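Q:
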């Protein structure tokens, strides 16, 4: 009876999800309520988790709860710490959820709400979640080894080296593009700039408190920090109203670029306890609070989605970024659906803390589903504003025109009516000088979030506070990724440099720290600078480059996962990882080819460079702009080269893997798995925490 | 009623314990417990040393994603 009831309930959830998806897909005309998106996403996630992840866990991976995990075998209270599954879920989610699932869907909204929403749901269920789950499982079975180490052992030496190089290269582009998002969000905004600048002294204060006053008391320090941050968000209004301070905190794009580069260098070179770690604590609490509030706000306000399901820009002529719906929708929405970077977390801290193998399904697959839901909420927030406003915020002046009248006329001519006063009033309402040409996704998402929040609490009076809270929230955790990434990049540079000159590889050697920090900051700083001076807004070239890199890393992770499944003798279920791998390789190779060779100057890097070179040759460029134009040509060729290098690295790894697969399938090579030997767990099958509590104290909660 | 109060209290206690573990407040306690059980030979770090050492390890590998 219970089983029948359960089946009926799951059937009802599946039908409800299918109905909501159908409504989203076929609805035309009147605006659609956001609740349809929430229902469709939640039902699909529930069904995917209940059925598909259970299938992967039971049939494909055959998770074994009798096997001791690395956390049990190597428990040292430092890296290897057996952790309650809910706590670890929180850790894992906080680690994987960055700005990507917020910014990507917001940018992809230029195609309309439909393609992005469908990809967020399907891409996560069949691609991103599977990748995170399988890589987590593989790492658990290998004592928590990293993706690079697994690639080296299971695919080939060269494969491992390529994976490590790919991580470094993609990290450089990632840091540049997220820094660009911050620059575009803070440009000419004294309120937002002041708020974010104040988070640095607040973090320093917390750092000193946590180091010397109350070591390790993160919770109380974070509560103090969050209170101070809320205060500076409100105080930012006084700064914006003061003619003197407003002038001090009004920075241009290049000014902000310099400030962020100096900040990145400092965060990398200073002791980690002083700036980086306390900022991370603040960011984690504010991130959790803001995401929860956005979900609650959408459920309470139930906004109408004003963006059409498909816009005219599916043909590749979009103002936010160039490129057709295929492949660029799948490149732009990176982290909300499939993110290669997650494989670094799934093969990093999480496998060392997991209590038993069975938890990998909930943590690996479940956390990614939640991240995808964040992406759907970002899509709703972006699509809940008038399409004309969305395009005005996200389009560069070179496309819509430099003045408000010209911009409004251009956007209206696309079929999305917009009055210049609408933007003026909106900017005034959110406490900004202007909202025109703020490409990058962050300001438009902040407007969407502020509208939802102010409809929940405070009404129009609090719109400006909510807007700057949203900007601060986005910028704060983007900078957290930036400083943590710069530091990790510094270690990678030191490791590579240490192969050439040993002292450089020593982590505590100050000249090495300073030099390696300068190298990694110079690498991403250059791409950031290039994005800031790009007449097309920078996001047009850098975000697709980041998307390509991230998806290529996902392809690397899935190639490793497929090789391991093959070696485990799971040929029958190989499609679980092989199909997303093939899809990602097709998407990324197509996008790479188009970004390099497409004849349209807006899309193809080389076509754009050649067009500018021809203009110089024809004498159409003024002497004053000659240096800038030549630099632009160099940058475009550099972007083409970086894209080609990404694509080549992955092609080499794929060829290596195919050779491996062929050798194994044709029995020319023995399938040697590099798993840790089986050791039975000390904890009973029906473990509920009690056995572990007895063994190591009462730290664990119930299972 | 008493049963409900007991359950609520248990839930809140668990939530509090989970929150402390999630944010890192309980890390030193876990370390000491692990030390006591496994009896590793190296010197036991004090709270401030453990805090700095733990941060240096945590932020030397990718721990925040895009």
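Protein chains in written order, with my numbering: chain A, 520 to 1222; chain B, 35 to 100.
We treat Cβ as the ideally placed atom computed from N, Cα and C, and that holds for glycine.
Given the structure is predicted, the values throughout are model-derived calculations rather than measurements.
Compute the Euclidean distance between the alpha carbons of residue 914 of chain A and residue 1058 of chain A, then round it to the nearest angstrom.
A: Residue 914 of chain A and residue 1058 of chain A: Cα-Cα distance of roughly 10 Å.
Q: Count the other CB atoms, across all protein chains shown, that sit within 10 Å of the CB of residue 720 of chain A; report buried if there are 16 or more and exposed otherwise.
A: Classification for residue 720 of chain A: exposed.
Q: Excluding the five sequence neighbours on either side, which residues of its own chain have a C-beta within less than 6 Å of the C-beta of residue 989 of chain A, listed in chain order?
A: Excluding sequence neighbours, residue 989 of chain A sits near 965, 968 and 969.
Q: Of all the alpha helix (DSSP H) runs that stay within the bounds of the segment 982-1026 of chain A, which reach a length of 4 or more residues?
A: DSSP runs (the alpha helix (DSSP H)) wholly in the segment 982-1026 of chain A: 982-1019.
Q: Can you list the residues of chain B that residue 697 of chain A reaches, using a CB-CB cut of under 8 Å?
A: What residue 697 of chain A touches in chain B: 100.
Q: Using a Cβ-Cβ distance under 8 Å, would residue 53 of chain B count as near chain A?
A: At least one chain A Cβ lies under 8 Å of residue 53 of chain B.
Q: Mind reading off the beta-carbon distance from residue 718 of chain A to residue 995 of chain A? Whole number of angstroms is fine, and I expect it under 8 Å.
A: Contact flag correct, Cβ pair sits at about 6 Å.
Q: Which term fits residue 632 of chain A, buried or exposed, when burial requires 16 or more other beta carbons within 10 angstroms of its beta carbon?
A: Per the 10 Å Cβ criterion, buried.
Q: Tell me which residues share the same chain as residue 1216 of chain A and place their Cβ nearer than 7 Å to its Cβ, disregarding the 5 neighbours each side in the sequence.
A: Below a pLDDT of 50, predicted positions are generally treated as unreliable, and residue 1216 of chain A, at 42, falls in that range; the measurement from the model is reported next regardless. Excluding sequence neighbours, residue 1216 of chain A sits near nothing in its chain.
Q: Rounded to a whole number of angstroms, what is the C-alpha to C-alpha distance between residue 80 of chain B and residue 734 of chain A?
A: C-alpha separation (whole angstroms): 10 Å.
Q: Helix, strand or coil: which one does DSSP assign to residue 1129 of chain A?
A: DSSP places residue 1129 of chain A in helix when its eight states are reduced to three.
Q: Taking the straight line between their C-alpha atoms, what separation do you get for residue 649 of chain A and residue 979 of chain A?
A: Their Cα atoms are separated by approximately 43 Å.
Q: Cβ closer than 8 Å: which chain A residues qualify as neighbours of residue 69 of chain B?
A: Correct list: 596.
Q: For residue 798 of chain A, I'd like the list of residues in its chain whose CB is within less than 6 Å of its CB, leaving aside the five on either flank, ordered along the chain.
A: Cβ within range, chain order: 722 and 999.
Q: Give the interface partners of residue 38 of chain B over in chain A, defined as CB-CB distance under 9 Å, in chain order.
A: Chain A residues near residue 38 of chain B: none, gap ~18 Å exceeds 9 Å.
Q: For the segment 563-580 of chain A and the segment 639-646 of chain A, state whether three or more C-beta atom pairs, one from each stretch, are separated by less than 8 Å.
A: Contact holds: three or more Cβ-Cβ distances are below 8 Å.
Q: May I ask you to report which of helix, strand or coil DSSP gives residue 938 of chain A?
A: In this structure, residue 938 of chain A counts as coil in the three-state DSSP scheme.
Q: When you compare each of B/84, B/96 and B/99 to residue 597 of chain A by their alpha carbons, which one comes out closest?
A: Nearest option by C-alpha distance: B/84.
Q: Hey, does residue 43 of chain B have any beta-carbon neighbour from chain A nearer than 8 Å?
A: Judged by the 8 Å Cβ criterion, residue 43 of chain B is not in contact with chain A.
Q: Where does residue 873 of chain A fall in DSSP's three states?
A: Residue state, collapsed to three classes: strand.
Q: Can you list, in chain order, the residues of its chain whose CB lies under 7 Å from that of residue 865 of chain A, leaving out five sequence neighbours each side?
A: Same-chain partners within the cutoff: 651, 654, 655, 658 and 883.
Q: In the DSSP assignment, find the unbroken alpha helix (DSSP H) run with residue 1196 of chain A in it and report its ends.
A: Where residue 1196 of chain A is concerned, there is no enclosing alpha helix (DSSP H), given that its DSSP letter is neither H nor E.
Q: Within 8 Å of any Cβ in chain A, is that where the Cβ of residue 89 of chain B sits?
A: Yes, residue 89 of chain B counts as interfacial toward chain A.
Q: Go ahead and label residue 56 of chain B buried or exposed: buried means 16 or more other beta carbons lie within 10 angstroms of its beta carbon, across all protein chains shown.
A: By the neighbour-count rule (16 or more Cβ atoms within 10 Å), residue 56 of chain B is buried.
Q: Tell me whether the segment 1003-1011 of chain A and the segment 1020-1039 of chain A touch, counting them as touching only if at least three CB pairs, one residue from each stretch, are closer than 8 Å.
A: With the cut-off at 8 Å, the segment 1003-1011 of chain A and the segment 1020-1039 of chain A touch.
Q: Helix, strand or coil for residue 551 of chain A? Go by DSSP, reduced to three states.
A: Looking at residue 551 of chain A - three-state DSSP - the assignment turns out to be strand.
Q: May I ask you to verify whether the segment 838-849 of chain A touches the segment 582-599 of chain A, counting CB pairs closer than 8 Å and requiring at least 3?
A: Not touching, per the Cβ criterion.
Q: Could you check the C-alpha separation between residue 529 of chain A and residue 566 of chain A for me, to the nearest Å?
A: In a straight line, the C-alpha of residue 529 of chain A is about 7 Å away from that of residue 566 of chain A.
Q: Nearest chain E C-beta to residue 1165 of chain A closer than 8 Å, yes or no?
A: Reference to chain E is not applicable here, since the protein chains of this structure are A and B.
Q: Return no unless some Cβ of chain B is closer than 8 Å to the Cβ of residue 1000 of chain A.
A: Judged by the 8 Å Cβ criterion, residue 1000 of chain A is in contact with chain B.
Q: Can you give the beta carbon distance from residue 1086 of chain A to residue 881 of chain A, rounded, assuming they're within the 8 Å contact cut?
A: The pair is not a contact, with the Cβ atoms about 26 Å apart (cut-off 8 Å).
Q: By Cβ distance, which residues of its chain are closer than 7 Å to residue 814 of chain A, with the 5 residues on each side in sequence left out?
A: Closer than 7 Å at Cβ, skipping near neighbours: 896.
Q: Taking its Cβ as the centre, do 16 or more other Cβ atoms sit within 10 Å of residue 1138 of chain A, making it buried, or is it exposed?
A: Burial call: exposed.
Q: Do residue 621 of chain A and residue 893 of chain A count as a contact pair if the criterion is CB distance below 8 Å?
A: Yes. Within cutoff.
Q: Could you tell me the distance, in whole angstroms, from the CA atom of residue 1022 of chain A to the CA atom of residue 665 of chain A?
A: The alpha-carbon atoms of residue 1022 of chain A and residue 665 of chain A are separated by roughly 25 Å.
Q: Looking at C-alpha atoms only, which residue of A/958, A/1148 and A/1173 is the closest neighbour of residue 627 of chain A?
A: With distances taken between Cα atoms, residue 627 of chain A lies closest to A/958.
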